[in-house]
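A.B. asks: First residue of the sequence shown: 377, per my numbering; consecutive thereafter.
For each residue, glycine too, the CB sits at the ideal point set by N, CA and C.
The structure presented is a predicted model; accordingly, all values stated were derived computationally and were not measured.
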Amino acid sequence: GDGQSKAPKLRSLLNASYYKDPYVLDDYLRDPDIDPASLIFAFLWRDPDLKPRPVSELPLSRYMGTPYGWMVARTGWDSQSVIAEMKVNIFNFNNHQHLDAGAFQIYCQGPLAIDSGLYQGSAGGYGSPHDVNYNKRTIAHNSLLIHDPEEKFARGNRGMSNDGGQKFPNGWREPRSLEDMQANYRTAQVLGQGFGPDPRRPAYTYLKGDLTPAYSGKVVEVQRSFVFLNLAGQPARAALIVFDRVVAADPRFKKYWLLHSMEEPRIEGAVVTVAPTQRGWRGKLINQVLLPGGARITPVGGAGKEFWVFGENFPNRPERGSASDYEIGEWRVEVSPGAAAASDLFLNCMQAMDRDASARPVKLVEERDATGVMVADTTVLF
Numbered sequence: 377g378d379g380q381s382k383a384p385k386l387r388s389l390l391n392a393s394y395y396k397d398p399y400v401l402d403d404y405l406r407d408p409d410i411d412p413a414s415l416i417f418a419f420l421w422r423d424p425d426l427k428p429r430p431v432s433e434l435p436l437s438r439y440m441g442t443p444y445g446w447m448v449a450r451t452g453w454d455s456q457s458v459i460a461e462m463k464v465n466i467f468n469f470n471n472h473q474h475l476d477a478g479a480f481q482i483y484c485q486g487p488l489a490i491d492s493g494l495y496q497g498s499a500g501g502y503g504s505p506h507d508v509n510y511n512k513r514t515i516a517h518n519s520l521l522i523h524d525p526e527e528k529f530a531r532g533n534r535g536m537s538n539d540g541g542q543k544f545p546n547g548w549r550e551p552r553s554l555e556d557m558q559a560n561y562r563t564a565q566v567l568g569q570g571f572g573p574d575p576r577r578p579a580y581t582y583l584k585g586d587l588t589p590a591y592s593g594k595v596v597e598v599q600r601s602f603v604f605l606n607l608a609g610q611p612a613r614a615a616l617i618v619f620d621r622v623v624a625a626d627p628r629f630k631k632y633w634l635l636h637s638m639e640e641p642r643i644e645g646a647v648v649t650v651a652p653t654q655r656g657w658r659g660k661l662i663n664q665v666l667l668p669g670g671a672r673i674t675p676v677g678g679a680g681k682e683f684w685v686f687g688e689n690f691p692n693r694p695e696r697g698s699a700s701d702y703e704i705g706e707w708r709v710e711v712s713p714g715a716a717a718a719s720d721l722f723l724n725c726m727q728a729m730d731r732d733a734s735a736r737p738v739k740l741v742e743e744r745d746a747t748g749v750m751v752a753d754t755t756v757l758f
């Protein structure tokens, strides 16, 4: 309802007092839009002994373990900072949770690599055609598709689009108990994680997951590794390197590496540039596709294809306010191998920077038992 915009601010105050968290209290007090009519709640809920502390004291990277296996990394706490979210999804509970194991997002002075789709709008809300065929599905996220044209997706007796993505655990049924969840809803495994060498201001942040259980029998193996590099300033502020090993059960199943954006990307050879200009955004993302060699890099989106799923669009628009109040996106890039094979490697190096900055030099590194990338004077090997 209309009052929902005020609710998160009051929840911040309540959470700060309940959990005695000085950083959440500081965040609440810095909000310039605190409603004077809500001061009665401040009187009731504020802990007078709790003193605010600046969020800038907190570490720049944080790992959130089971049941999710997520990592968030940033270069700082100011408005120029780069923020990256990386997901493994150890468990998936269905219902409101999305099929987005392996997904990532990047923000720098505006949304650069985004989650696409809209929860509630002209197409309806929970369970609408847009929601179940696109919004919650893997195709709406920066993840991996392995498209078996014969695969069937359904919620009970209701058929859904074949997006080539991850399956619904137990046909969308929610876990009935902790034991049920542990036995039947595991969708991935964290194989490695960490950041350092300075735990408060890390130069690198690392997360690796085995995503194979998130998919159906169309895959033999899906593993994704993330490395976020804090490049400490200009010209590029940070890099997110994503390395994937994908083995399909049938070499004819086409593989897609996805990158979603607010506006139409520019593709020049193996380089993809995203530079949204709406609302005064000033960030830019430059992605170098290093593997597979000779990849097909295809833009998908624009009018009539904003939420495109292999031949069908599932449109949705905000019902209230302006579309400029949302970040639902209209474009994505699909990276696919040039030739059919059961096994493929994907290696992408995304650099986030100011609009007028240039990317640092990027070079593919291949050794006998390792594959990686050199970004300026930093080398990352997988």
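Given a cut-off of 9 Å, decide if G486 and G659 are closer than it, judged by their beta-carbon atoms.
C.D. replies: Position 283 of the sequence shown, counted from the start, is the residue given in the question as residue 659. Position 110 of the sequence shown, counted from the start, is the residue given in the question as residue 486. Contact flag set, yes.
A.B. asks: Could you name the residues of the same chain whose beta carbon sits closer than 6 Å to that of S537, not counting the 5 residues immediately before and after it, in chain order?
C.D. replies: Stepping through the sequence shown from its first residue, residue 537 is reached at position 161. Contacts found: N509 and V685.
A.B. asks: Taking the alpha carbon of V618 as the reference point, which residue from E640, F467 and L634 has its own alpha carbon closest?
C.D. replies: The residue given as residue 618 occupies position 242 in the sequence shown. Cα-wise, what sits closest to V618 is L634.
A.B. asks: Tell me whether D378 is buried or exposed, calling it buried when 16 or more other Cβ atoms sit within 10 Å of its Cβ.
C.D. replies: Indexing the sequence shown from 1 puts residue 378 at position 2. Low confidence applies here, because D378 scores a pLDDT of 34, under 50, leaving its location unreliable; read the following figure in that light. So D378 counts as exposed.
A.B. asks: Is there contact here, the region 477-496 with the region 451-463, by at least three beta-carbon pairs under 8 Å?
C.D. replies: Touching, per the Cβ criterion.
A.B. asks: Going by the CB atoms, is the gap between S492 and H636 shorter than 9 Å?
C.D. replies: Sequence index remark: in the sequence shown, residue 636 carries index 260 (1-based). Sequence index remark: in the sequence shown, residue 492 carries index 116 (1-based). Yes, the pair counts as a contact, with Cβ atoms nearer than the cut-off.
A.B. asks: Pull up the CB-CB distance for F604 and A614, whole angstroms please, since I reckon it's below 8 Å.
C.D. replies: Reading the sequence shown from its first residue, position 228 is the one you call residue 604. Reading the sequence shown from its first residue, position 238 is the one you call residue 614. Right, the Cβ-Cβ distance comes to about 7 Å (below 8 Å), so this counts as a contact.
A.B. asks: Would A625 pass as a contact of K631 if the rule is Cβ separation under 9 Å?
C.D. replies: Within the sequence shown, the letter at position 249 stands for residue 625. Within the sequence shown, the letter at position 255 stands for residue 631. No, these two residues do not count as a Cβ contact at 9 Å.
A.B. asks: I'd like the list of long-range same chain contacts for D524, defined as Cβ closer than 6 Å, with 5 residues on each side in sequence excluded.
C.D. replies: By 1-based counting over the sequence shown, the position of residue 524 is 148. These residues qualify, in order along the chain: K594 and F629.
A.B. asks: Counting only the same chain and skipping the five closest in sequence on each side, list residues whose C-beta sits under 7 Å from that of P575.
C.D. replies: Counting from 1 along the sequence shown, the entry for residue 575 is found at position 199. If we look at P575 and ignore the five residues flanking it on each side, its Cβ neighbours are P435.
A.B. asks: With C-beta atoms as the reference, is N468 less than 9 Å away from A590?
C.D. replies: Indexing the sequence shown from 1 puts residue 468 at position 92. Indexing the sequence shown from 1 puts residue 590 at position 214. It is a contact, given that the beta carbons lie within the stated cut-off.
A.B. asks: What separation, rounded to the nearest whole angstrom, lies between the Cα atoms of F419 and Y404?
C.D. replies: The residue labelled residue 419 in the question sits at position 43 within the sequence shown. The residue labelled residue 404 in the question sits at position 28 within the sequence shown. The straight-line gap from Cα to Cα measures roughly 14 Å.
A.B. asks: Where does W453 fall in DSSP's three states?
C.D. replies: Position 77 of the sequence shown, counted from the start, is the residue given in the question as residue 453. Of the three classes helix, strand and coil, the one that applies to W453 here is coil, per DSSP.
A.B. asks: Identify, in the order they occur along the chain, each residue of the same chain with its Cβ nearer than 6 Å to the Cβ of P691, setting aside the five sequence neighbours on each side.
C.D. replies: Here the question's residue 691 lines up with position 315 in the sequence shown. No residues qualify anywhere along the chain.
A.B. asks: Identify whether N391 lies in helix, strand or coil by the three-state DSSP scheme.
C.D. replies: Position 15 of the sequence shown, counted from the start, is the residue given in the question as residue 391. Residue state, collapsed to three classes: helix.
A.B. asks: For L475 and T514, which I take to be in contact (beta-carbon distance under 8 Å), what is that distance rounded to the nearest angstrom?
C.D. replies: Along the sequence shown, read from residue 1 onward, the residue named residue 475 stands at position 99. Along the sequence shown, read from residue 1 onward, the residue named residue 514 stands at position 138. Correct: roughly 5 Å between the Cβ atoms.
A.B. asks: Starting from the Cα of T442, find the closest Cα among V711, E703 and Q569 and give me that residue.
C.D. replies: Counting from 1 along the sequence shown, the entry for residue 442 is found at position 66. Cα-wise, what sits closest to T442 is Q569.
A.B. asks: Comparing alpha-carbon positions, which option in D539, L494 and M729 lies nearest E688?
C.D. replies: As a first step, residue 688 is located in the sequence shown; it is residue number 312 there, counting from the start. That would be D539, whose Cα lies nearest to the Cα of E688.
A.B. asks: Which whole runs of the alpha helix (DSSP H) in the region 420-450 are 4 residues long or more, in chain order?
C.D. replies: With a minimum length of 4 residues, no continuous alpha helix (DSSP H) run stays inside the region 420-450.
A.B. asks: With a threshold of 7 Å on Cβ separation, who are the neighbours of R429 within its own chain once the five nearest residues in sequence on each side are excluded?
C.D. replies: Within the sequence shown, residue 429 is the residue found at index 53, counting from 1. Closer than 7 Å at the Cβ level, and outside the excluded window around R429, lie P398, Y399 and D402.
A.B. asks: Can you confirm whether the region 647-658 touches the region 740-754 when touching is taken to mean that 3 or more C-beta pairs between the two stretches lie within less than 8 Å?
C.D. replies: Contact fails: fewer than three Cβ-Cβ distances are below 8 Å.
A.B. asks: With distances taken Cα to Cα, identify the nearest neighbour of A728 among Q664, N391 and E644.
C.D. replies: Your numbering for residue 728 matches position 352 in the sequence shown. Nearest of Q664, N391 and E644 to A728, Cα basis: Q664.
A.B. asks: Is it buried or exposed, R600, if we count other Cβ atoms within 10 angstroms and call 16 or more buried?
C.D. replies: In the sequence shown, counting from the first residue as 1, residue 600 sits at position 224. Per the 10 Å Cβ criterion, buried.
A.B. asks: Applying the 10 Å Cβ sphere with the 16-neighbour rule, what's the burial state of G445?
C.D. replies: The residue given as residue 445 occupies position 69 in the sequence shown. Counting Cβ neighbours within 10 Å, G445 comes out buried, since at least 16 surround it.
A.B. asks: Let's test the definition: count the other Cβ atoms within 10 Å of the Cβ of Q380 and tell me whether it reaches 16, buried, or not, exposed.
C.D. replies: Stepping through the sequence shown from its first residue, residue 380 is reached at position 4. In this predicted model, Q380 has a pLDDT of only 42, less than 50, meaning its place in the structure is not dependable enough to derive any value.
A.B. asks: Is I522 helix, strand or coil when you go by DSSP?
C.D. replies: On the sequence shown, residue 522 is found 146 positions in, with the first residue counted as 1. Strand at I522.
A.B. asks: May I ask you to report which of helix, strand or coil DSSP gives D586?
C.D. replies: Residue numbering aside, residue 586 sits at position 210 when the sequence shown is read from its first letter. Of the three classes helix, strand and coil, the one that applies to D586 here is strand, per DSSP.
A.B. asks: On a Cα-Cα basis, can you pick out the residue from R387, Q473, F571 and N546 that is closest to A449?
C.D. replies: Position 73 of the sequence shown, counted from the first residue, corresponds to residue 449. Minimum Cα distance to A449 is reached at F571.
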